[in-house]
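So that you can map any letter, position 29 of the sequence shown is 29 in UniProt numbering, and since no number is skipped, the others follow by simple counting.
Even for Gly, the Cβ is constructed at its ideal location relative to N, Cα and C.
Computed from a predicted structure; not experimentally measured.
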Amino acid sequence: MNKKIAERNIKLQARINFLSGMVFLVPIITLLYQYTGLSIVEIILISNVSTIAVRLFELPTSVFADTMGRKKSLVISVICNFLSALVIFLFPSFTGFIVAAIFSGLYWSFWSGTGQAFLEENLRSIGKEKEFGKKIGHFMSLEALTGIITPLIASGLLKYFGNNGYTILAGLDVIFAIVLVILTLQLKEHNFIQEKFNSFKEMFSKNLNVAKTA
Numbered sequence: 001m002n003k004k005i006a007e008r009n010i011k012l013q014a015r016i017n018f019l020s021g022m023v024f025l026v027p028i029i030t031l032l033y034q035y036t037g038l039s040i041v042e043i044i045l046i047s048n049v050s051t052i053a054v055r056l057f058e059l060p061t062s063v064f065a066d067t068m069g070r071k072k073s074l075v076i077s078v079i080c081n082f083l084s085a086l087v088i089f090l091f092p093s094f095t096g097f098i099v100a101a102i103f104s105g106l107y108w109s110f111w112s113g114t115g116q117a118f119l120e121e122n123l124r125s126i127g128k129e130k131e132f133g134k135k136i137g138h139f140m141s142l143e144a145l146t147g148i149i150t151p152l153i154a155s156g157l158l159k160y161f162g163n164n165g166y167t168i169l170a171g172l173d174v175i176f177a178i179v180l181v182i183l184t185l186q187l188k189e190h191n192f193i194q195e196k197f198n199s200f201k202e203m204f205s206k207n208l209n210v211a212k213t214a
């Protein structure tokens with residue numbers, strides 16, 4: 001693989017990790033739920049749906065990444081993130097939040113493990129695989145930085161705009177989700193040879209075997 005492509009992928013992943021933390025509704029999501037009239041039981045149910053979705057889809061999505069390509073998995077991940085943000089923006093209701101939670105679960109499932117594997121492959125391509133831990137730490141620090149910024153912005157907008165602030169925050173989440181999709185599409189796959197299957201049954205059997213191995 002071209003070293004310049006690998007280095008570019010690594011830089012893009014740093015930006016992607018930073019932007020992935022720019023989710024403005026997360027710090028005040030419970031306030032949004034309460035503002036839309038949800039009960040405590042409904043709020044807990046939404047939280048459980050997201051958790052269950054991650055657990056349910058994590059293995060199948062890992063199999064998908066191993067057999068269909070890591071970039072495809074990452075792109076689908078951020079598209080699910082965009083859909084989750086869009087649903088909340090358009091349909092801030094109990095049903096909308098449930099649908100958004102499912103998309104959010106898919107987002108984390110498709111990204112989980114795949115992003116790290118993609119980073120490791122790129123580092124190996126430039127002979128810096130020993131820096132994997134250092135890079136992961138750097139990415140985590142970028143996400144932590146957004147964890148400081150977003151609550152301040154969210155609280156400031158709510159204080160200044162009142163209830164209209166929720167709509168503004170939801171809109172910002174949609175915008176940043178779109179940017180995340182655009183950046184992820186710029187990643188370039190390497191050293192991956194997609195297997196050819198003669199039938200859906202053969203593909204399903206292969207994926208099942210990979211799942212068993214995992």
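- Counting along the chain, the unbroken alpha helix (DSSP H) around E121 starts and ends at T114 to S125.
- Counting along the chain, the unbroken alpha helix (DSSP H) around K3 starts and ends at K3 to S20.
- Bounds of the alpha helix (DSSP H) holding T167 are N164 to L185.
- Using a Cβ distance threshold of 8 angstroms, A65 and T114 count as a contacting pair.
- Scanning the segment 27 to 76 for uninterrupted alpha helix (DSSP H) segments of 4 residues or longer gives 29 to 35 and 40 to 68, listed from N- to C-terminal end.
- By the Cβ criterion, the segment 135 to 148 is in contact with the segment 13 to 26, since at least three pairs of Cβ atoms, one from each stretch, lie closer than 8 angstroms.
- Across the structure, R124 and K3 are spaced so that their CA atoms are roughly 10 angstroms apart.
- Secondary structure note for E143: its alpha helix (DSSP H) is the uninterrupted segment F132 to F161.
- By the 16-neighbour rule on beta-carbons within 10 angstroms, Q13 is buried.
- Between Y35 and Y166, the beta carbon gap of about 6 angstroms places them in contact (Cβ cut-off 8 angstroms).
- L90 carries a helical assignment under DSSP once its states are collapsed to helix, strand and coil.
- When the beta-carbon positions are compared, P27 and A170 stay at least 8 angstroms from each other.
- Around the beta carbon of N122, a 10 Å sphere encloses 16 or more other beta carbons of the protein chains shown; the residue is thus reported as buried.
- Counting only residues of its own chain and dropping the five nearest sequence neighbours on each side, F89 has a CB closer than 8 angstroms to the CB of T167, A170, G171, D173 and V174.
- The beta carbon of V99 lies closer than 6 angstroms to those of V87 in the same chain, with the five residues before and after it left out.
- The beta carbons of F24 and R70 sit about 28 angstroms from each other, so the pair does not count as a contact at 8 angstroms.
- Three or more beta-carbon pairs separated by less than 8 angstroms are not found between the segment 91 to 105 and the segment 175 to 187, which leaves the two stretches without contact.
- Rounded to the nearest whole angstrom, the C-alpha separation of N163 and P60 is 40 angstroms.
- In this structure E120 touches F132 by the C-beta definition: roughly 5 angstroms separates them, less than 8 angstroms.
- The C-alpha of G127 lies about 29 angstroms from the C-alpha of S109.
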